[in-house]
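Below: the structure, in structure tokens.
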Amino acid sequence: MASLHLNDNKQILDVELTDTPGSSSPKIFDDGVSRVPEKYRGTSADKRDMTIMGKKQVLRRNFSFITMLGFASTCVASWEGILTYLGFVLTDGGTPLLFWGFIACAAGQTLVYASIAEMASMSPTAGGQYHWVSEFAPPRMQKILSYFSGWLTAIGWQVYLASVCFLVGTIIQGLIVLNDPTYVYERWHGTLLSISIVVFCIIFNTALASRLPIIEGMVLILHILGFFAIIIPLWIMAPRGNGHVVLLEFTNYGGWSSTGLSAMIGLLAPMAVLVGYDSEEIKDASVTLPRAIMGSVVVNITLVFVVIVTVCFTLGDAASVLASPTGYPFIQVFYNATQSYAGTNVMTAIIIIMLSACAVSEVAAASRQIWSFARDSGLPGHSWLSRVSPGWNIPLPAVTVSLTVSALLSLINIGSTVALNAITSLGAIAVLTSYFLTISCIVYRRLHGPALPTRRWSLGRWGLAINCAALVFLIPLIFFLTWPLVTPVTATTMNWSSVMLCSTLIIAVIYYVVKGRKEYVPPVMHVKREE
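Just so you know, the UniProt record's numbering puts 427 at position 427 of the sequence shown, and the rest follows in order with no gaps.
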């Protein structure tokens with residue numbers, strides 16, 4: 001089948017995109033002109049930004065502000081995610097940590113995303129962090145730092161996709177446990193369900209790719225309406241907790257030496273939610289993208305705070321909820337409140353639908369990240385990974401890799417659920433480390449480099465302070481993500497994320513030494529800014 005890819009200079013398209021999937025007679029071009037239909041190329045500002053970055057428009061710009069806000073909100077799945085990770089917080093910290101810790105994390109996340117939003121306005125590209133590191137790092141470090149940033153980001157998004165699909169599959173399995181007392185729980189059942197969710201999301205991102213922006217807008221509505229469908233029954237039907245116990249009595253079921261240490265470990269996993277974005281498919285990206293990022297931060301912080309208050313005061317006994325046979329405390333909370341299998345099924349189905357939408361968004365983000373990094377020869381097999389199938393206008397090879405990686409990671413659940421938890425931590429560490437590198441580079445540029453590029457969304461004179469505060473927030477976040485949830489620590493309970501991260505980076509180093517240093521073209525090499 002014919003496909004589109006970039007030549008060795010990464011700037012000239014050599015196969016024409018047609019409007020009809022399955023076209024069998026593509027034409028060859030050397031003029032570097034985008035074959036995306038005019039109506040999907042965005043505004044004049046989009047075209048100028050792509051020219052500055054030395055890129056040709058390959059993906060269609062389908063997303064407006066509202067649809068991008070929906071994409072970012074569903075990709076984060078903020079209030080839904082807090083419910084699914086409730087067990088982590090209850091094990092280490094309890095409801096006081098959930099309440100007070102979220103307030104602190106919301107402030108820190110806002111600083112991080114504000115820093116990211118400003119850089120997105122400077123260079124709105126699907127490359128994201130690795131592009132910004134390439135452009136703003138010290139000149140002698142631009143190539144190698146952007147290379148490792150690209151690997152970290154690609155790893156992070158692939159792992160997050162696998163973890164979300166795993167959540168959906170095992171939550172469905174949890175509902176089966178709740179409704180059928182004769183059901184015999186098997187880990188491989190959850191694995192098959194997880195792989196099925198991955199396949200569903202891949203189909204959505206291929207056959208229905210052109211409808212994705214419309215569906216993202218609809219999902220944003222469900223994201224908000226579903227929120228009310230969850231909290232209203234809990235407030236009406238569940239008993240109220242004591243304010244002193246809920247807000248001040250920390251728990252330490254993980255067995256750590258101090259409550260403070262337990263709280264630091266329990267705080268991070270449910271709070272480290274990430275914003276997803278895809279700038280080469282957004283209309284007027286240099287202003288729409290940063291507004292969508294910050295808009296999603298405001299929307300999600302508000303929704304999460306209300307859900308946290310609701311859960312904290314309607315939870316009941318934490319120990320009994322943690323012991324739920326469903327494997328998910330929030331399912332037990334729903335049942336305890338409603339005393340109805342039907343009611344619990346409906347409320348949990350909302351979470352399943354929203355997490356499935358999140359997984360669809362994750363496929364888009366993960367595959368675009370691979371495609372963008374491969375476009376600059378940063379990955380093995382980059383000539384294949386950088387192709388965009390004619391007529392579909394999506395990076396189908398990259399989507400295929402996302403399917404394969406997610407399916408393989410789901411297999412780990414057959415032998416150990418702890419391993420998959422470690423992989424989830426790996427995803428968070430990888431992406432947050434790439435954020436740290438990116439923001440560090442923009443701080444360097446502010447202090448030592450030439451003036452920052454023109455941007456339509458700016459932090460103004462507070463930029464340096466916000467960037468530095470974001471770095472201070474990220475350091476302990478990254479450090480404690482490597483810790484296990486409980487003690488004593490054994491091979492079964494160990495968090496192996498740090499080992500897996502180091503192993504992956506060793507592979508990246510080997511590839512860089514053997515081929516990457518010769519083939520990888522950092523994005524800054526294509527940038528055509530007038531300083």
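Glycine included, C-beta positions come from ideal geometry on N, C-alpha and C.
Length of the line joining the Cα atoms of residue i and residue j
{"i": "Val405", "j": "Val489", "result": "28 Å"}
{"i": "Tyr335", "j": "Gly343", "result": "8 Å"}
{"i": "Gly260", "j": "Pro484", "result": "15 Å"}
{"i": "Ser163", "j": "Ile423", "result": "8 Å"}
{"i": "Asp92", "j": "Ile265", "result": "7 Å"}
{"i": "Leu505", "j": "Phe305", "result": "36 Å"}
{"i": "Gln129", "j": "Gly243", "result": "42 Å"}
{"i": "Ile82", "j": "Lys518", "result": "44 Å"}
{"i": "Ile507", "j": "Ala229", "result": "46 Å"}
{"i": "Pro233", "j": "Val524", "result": "53 Å"}
{"i": "Phe480", "j": "Glu249", "result": "22 Å"}
{"i": "Leu192", "j": "Gly169", "result": "8 Å"}
{"i": "Pro290", "j": "Leu477", "result": "23 Å"}
{"i": "Ser149", "j": "Phe330", "result": "35 Å"}
{"i": "Leu222", "j": "Val363", "result": "20 Å"}
{"i": "Ile103", "j": "Ser262", "result": "18 Å"}
{"i": "Val388", "j": "Val399", "result": "10 Å"}
{"i": "Val177", "j": "Gln339", "result": "16 Å"}
{"i": "Tyr341", "j": "Thr348", "result": "10 Å"}
{"i": "Phe313", "j": "Pro239", "result": "8 Å"}
{"i": "Val509", "j": "Lys515", "result": "10 Å"}
{"i": "Gln57", "j": "Pro138", "result": "At Gln57 the pLDDT is 46, less than 50, meaning the model places this residue with poor confidence; the figure from the coordinates comes in the next sentence. Approximately 28 Å, taken between the alpha carbons."}
{"i": "Gly190", "j": "Ser134", "result": "40 Å"}
{"i": "Ser84", "j": "Val297", "result": "Note on identity: in this sequence residue 84 is Thr, with Ser being the wrong assignment. Their Cα atoms are separated by approximately 19 Å."}
{"i": "Arg35", "j": "Pro450", "result": "Below a pLDDT of 50, predicted positions are generally treated as unreliable, and Arg35, at 49, falls in that range; the measurement from the model is reported next regardless. Taking the straight line from one Cα to the other gives about 35 Å."}
{"i": "Tyr183", "j": "Glu80", "result": "26 Å"}
{"i": "Leu267", "j": "Pro390", "result": "45 Å"}
{"i": "Ser425", "j": "Met141", "result": "28 Å"}
{"i": "Phe136", "j": "Cys165", "result": "35 Å"}
{"i": "Ile224", "j": "Asn179", "result": "27 Å"}
{"i": "Phe373", "j": "Ser123", "result": "15 Å"}
{"i": "Cys502", "j": "Pro181", "result": "43 Å"}
Same chain, Cβ closer than 7 Å to residue i, neighbours up to 5 away in sequence not counted
{"i": "residue 537", "result": "Nothing about residue 537 can be reported from this structure: the residues present for the chain run from 1 to 531 only."}
{"i": "Leu195", "result": "The sequence shown places Ile at residue 195, not Leu. Excluding positions up to five away in sequence, the list reads Ala407, Ser410."}
{"i": "Gly226", "result": "Ile350, Met354"}
{"i": "Cys468", "result": "Val443"}
{"i": "Met237", "result": "Ala337, Thr338"}
{"i": "Ser78", "result": "Val273, Asn300, Leu303, Val304"}
{"i": "Ser498", "result": "Thr482"}
{"i": "Thr310", "result": "Ile231, Leu234, Trp235"}
{"i": "Ala318", "result": "Leu90, Gly94, Thr251"}
{"i": "Ala117", "result": "Pro290, Ile293, Met294, Trp457"}
Supposed close pair residue i, residue j - CB separation, criterion 8 Å
{"i": "Leu315", "j": "Val321", "result": "6 Å"}
{"i": "Val360", "j": "Asn205", "result": "7 Å"}
{"i": "Thr438", "j": "Trp100", "result": "Not quite, the Cβ-Cβ distance comes to about 29 Å (not below 8 Å), so this is no contact."}
{"i": "Ile172", "j": "Ile370", "result": "With 8 Å as the limit, Ile172 and Ile370 do not qualify as a contact, their Cβ atoms being about 28 Å apart."}
{"i": "Pro395", "j": "Trp384", "result": "Not a contact, Cβ separation roughly 10 Å."}
{"i": "Pro96", "j": "Leu247", "result": "6 Å"}
Own chain partners of residue i with C-beta closer than 6 Å, once the 5 adjacent residues on each side are dropped
{"i": "Ala430", "result": "Leu152, Ile155, Gly156"}
{"i": "Ser108", "result": "The amino acid at residue 108 is misidentified as Ser; the sequence shows Gly. For Gly108, where only same-chain residues beyond five positions count, the Cβ hits under 6 Å are Phe473."}
{"i": "Ser121", "result": "Ser286, Pro290, Arg455, Arg456, Trp457"}
{"i": "Gly174", "result": "Thr326, Gly327, Tyr328, Ile331"}
{"i": "Arg187", "result": "Asn413, Ile414"}
{"i": "Ser324", "result": "Gln332"}
{"i": "Ala366", "result": "Trp157, Gln158, Leu161, Ser402"}
{"i": "Gly254", "result": "Thr91, Asp92, Ser262, Leu485, Val486"}
{"i": "Ala106", "result": "Ile301"}
{"i": "Ala491", "result": "none"}
{"i": "Ser434", "result": "Gln129, Ser149, Leu152, Thr153"}
{"i": "Pro522", "result": "Ser134, Gln142, Lys143, Ser146"}
{"i": "His382", "result": "Ala374"}
Contacts around residue i, its chain only, beta-carbon distance under 8 Å, and the 5 residues preceding and following it disregarded
{"i": "Leu464", "result": "Val443, Arg446, Leu447"}
{"i": "Ile466", "result": "Leu111, Ala114, Ser115, Leu459"}
{"i": "Tyr520", "result": "Lys143, Tyr147, Asp376, Ser377, Gly378, Tyr512"}
{"i": "Phe436", "result": "Leu471, Leu474, Ile475, Ile478"}
{"i": "Thr356", "result": "Strictly speaking, residue 356 in this sequence is Ser, with Thr absent from that position. Val168, Ile197, Phe200, Cys201, listed in sequence order."}
key: the stretch 438–449 contacting the stretch 86–94, beta-carbon criterion three pairs below 8 Å   = Taking one beta carbon from each stretch, the stretch 438–449 and the stretch 86–94 have fewer than 3 pairs nearer than 8 Å; the two do not touch.
Sequence ranges, alpha helix (DSSP H) only - wholly within the stretch 129–192, length at least 4 = Listed in chain order, the alpha helix (DSSP H) elements of length 4 or more contained wholly in the stretch 129–192 are 129–136, 142–179.
ask   = Along the chain, which unbroken stretches of the alpha helix (DSSP H) at least 4 residues long are found entirely within the stretch 71–123?
value = When DSSP assignments are scanned along the stretch 71–123, the uninterrupted stretches of alpha helix (DSSP H) that are 4 or more residues long and fall wholly within it turn out to be 78–84, 86–91, 102–122.
key: Uninterrupted alpha helix (DSSP H) stretches inside the stretch 212–258 (no shorter than 4 residues)   = Entirely contained in the stretch 212–258, the alpha helix (DSSP H) runs reaching 4 residues are, in chain order, 212–237, 243–248.
query = Whole alpha helix (DSSP H) runs in the stretch 384–424 with 4 or more residues, listed along the chain?
reply = The DSSP assignment places complete alpha helix (DSSP H) segments of no fewer than 4 residues inside the stretch 384–424 at 396–415, in order along the chain.
task = Give, in chain order, every unbroken run of the beta strand (DSSP E) that is at least 3 residues long and sits entirely within the stretch 427–508.
result = Fully contained in the stretch 427–508 is no beta strand (DSSP E) run of length 3 or more.
inquiry  = Ignoring anything shorter than 4 residues, give me the alpha helix (DSSP H) runs that lie fully in the stretch 308–380, in order along the chain.
reply    = Given a length threshold of 4 residues, each whole run of the alpha helix (DSSP H) inside the stretch 308–380 is given here in chain order: 318–322, 329–338, 341–375.
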